[in-house]
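Below: one structure, written as structure tokens.
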Amino acid sequence: MKKGNICLVILSFLMLMSCSSMKVVEYSIKRVPNISLSDTASVVLLYNVNHISVNDNQTILKVQDTIAQYIFTQMSIDLHSSKLYNDVKEYIIPTPTSQSLNKSDINEYSGEENNIISLNKVSINPHYRMGTVDDDWHFVDMFVPIELNITVSPQGVDSVVSYTCIDTLVFSGAGYTKQEAIASLPSSNECIENIVSNISKVASLQYIPQTENYARLYFVLGNRMMRKADKYWREAKYDEASCIWEYLYENKRSKKIQAKTAANMAMYEEMKHNYDKSLMWARISFALHSRRKSVYDPQIAYLSDYIQQLRLDLKEQQDKMKTNTYRFE
């Protein structure tokens with residue numbers, strides 16, 4: 566299930582119902598990266614790649630060492646495009662080691678004054694998977710796993726973090742012969758362009774905040790206090806709105822009001838990245854809705870999908886807190 570894209574069919578159905586007690590609202594959440602860089606300091610991007618590691622089957626995809634330079638350039642472009650940092654400087658280390666940098670290596674590039682990001686290693690291992698349909702139609706899938714190692718050291722932080730970033734692209738072709746199937750694959754340049762773009766994005770996700778758009782179900786009702794909370798929400802006074810919802814949940818005996826204020830509280834806590842609290846409120850709302858409605862009710866289906874999404878977000882958040890080394894696929 567794609568993040569921020571919960572049960573669009575149900576949301577569309579609910580919009581068609583034009584029910585005045587609920588709305589479909591959209592908002593953005595800025596995802597905190599694995600490691601936050603100082604936005605008041607420059608970023609120094611280091612090219613520390615000795616050579617690119619490629620498997621022996623060079624007949625599949627002619628990969629030159631320049632692909633690492635393309636990735637390095639794209640990482641620089643992503644940093645510039647984010648417009649979050651005062652300046653981005655690129656350097657090639659004179660004697661690259663392809664090993665993760667330590668603090669003494671970092672200090673050679675003014676680690677106390679700058680954010681440091683180093684591209685240390687690039688490894689690509691393309692391979693084929695071939696087959697036939699009805700013995701006369703050949704297909705081929707070219708799998709291109711790629712792995713990067715990067716080191717990140719934020720300005721003013723006395724630590725160095727290493728990340729292993731992984732991505733796998735699949736390119737497909739088909740034809741009446743094996744040769745035709747292979748010839749129908751995208752060109753090497755097109756493959757490399759896609760590889761560079763995708764793996765650079767995986768690397769950038771480690772230190773550049775990402776904004777995601779969300780669609781959520783939002784309950785209003787005709788209650789005077791609920792209307793006041795709605796006014797606060799539309800004015801972006803989210804804390805004030807949440808105080809009213811929590812008060813109503815705790816002080817009203819109506820299960821209907823409790824179910825809807827709990828759903829709104831789940832949305833509020835999600836915006837604040839409090840996924841444990843958001844999940845708690847979503848489960849409460851689901852339980853209260855389930856007592857009143859059929860299991861086929863679209864609101865219940867929406868909340869069920871919402872709970873699954875929040876569980877994934879909470880697990881991802883907890884995993885980030887356990888270790889400073891991450892693998893992404």
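Using my numbering, the first residue of the sequence shown is number 566, and each one after it goes up by one.
Beta carbons are placed, not taken as given, at the ideal position from N, Cα and C, and that holds for glycine.
A quick note: this is a predicted structure, and the numbers were derived from the prediction, not measured.
Classify residue i as buried or exposed, calling it buried when 16 or more other Cβ atoms lie within 10 Å of its own Cβ.
i	result
H854	buried
E800	exposed
G721	exposed
W810	buried
M695	exposed
N778	exposed
K543	The displayed coordinates of the chain run from 566 to 894. Any statement about residue 543 would go beyond what the structure contains.
L877	exposed
Q874	buried
T776	exposed
S850	buried
S718	buried
E835	buried
N788	buried
How many whole angstroms separate the CB atoms of residue i and residue j, which I take to be in contact at a CB cut-off of 8 Å?
i	j	result
Y612	I658	7 Å
K820	R857	6 Å
P661	V614	6 Å
A828	L782	7 Å
K668	V725	6 Å
N714	S665	6 Å
D643	S765	6 Å
I689	V619	5 Å
Using DSSP bridges, identify the partner residues of residue i.
i	result
F704	G696 and A739
F637	The partner list for F637 (beta bridge, DSSP) is empty, contrary to what the question assumes.
S727	T716
N599	In the DSSP output, where bridge partners are listed per residue, N599 has none listed.
D878	None; D878 has no bridge partner.
T660	DSSP lists no partner for T660.
L610	E655 and I682
T733	P710
V619	I689
Where do the N-terminal and C-terminal ends of the beta strand (DSSP E) with residue i fall, by residue?
i	result
N816	Segment Y803 to N816 is the alpha helix (DSSP H) holding N816; no beta strand (DSSP E) there.
E591	M587 to R596
S683	N680 to I689
Would you give the residue range spanned by the alpha helix (DSSP H) that residue i belongs to?
i	result
L844	Y840 to R857
Q775	Careful: Q775 lies outside any alpha helix (DSSP H), inside the beta strand (DSSP E) at Q775 to F784.
E655	Not the alpha helix (DSSP H): E655 falls in the beta strand (DSSP E), residues V653 to I657.
V761	S753 to S769
Y896	Look at the range of the chain in this structure, 566 to 894, and you will see that residue 896 is not part of it.
I671	K668 to N672
Y797	R789 to R799
Counting pairs of beta carbons, one from the segment 814-822 and one from the segment 831-841, are three or more of them closer than 8 Å?
Counting C-beta pairs with one atom in each stretch, the segment 814-822 and the segment 831-841 have fewer than three that are closer than 8 Å, which means they do not touch.
Hey, is the segment 690-706 in contact with the segment 734-754, meaning 3+ C-beta pairs nearer than 8 Å?
Verdict: yes, contact present.
Answer yes if the segment 763-776 comes into contact with the segment 746-753, meaning at least three C-beta pairs across the two stretches below 8 Å, and no otherwise.
Because the criterion of three Cβ pairs below 8 Å is not met, the segment 746-753 and the segment 763-776 do not touch.
Between the segment 604-611 and the segment 671-687, do three or more beta carbon pairs fall short of 8 Å?
At 8 Å Cβ cutoff, the stretches touch.
So, do the segment 663-676 and the segment 590-604 have three or more beta carbon pairs nearer to each other than 8 Å?
Between the segment 663-676 and the segment 590-604, the count of C-beta pairs closer than 8 Å stays below three; the two stretches do not touch.
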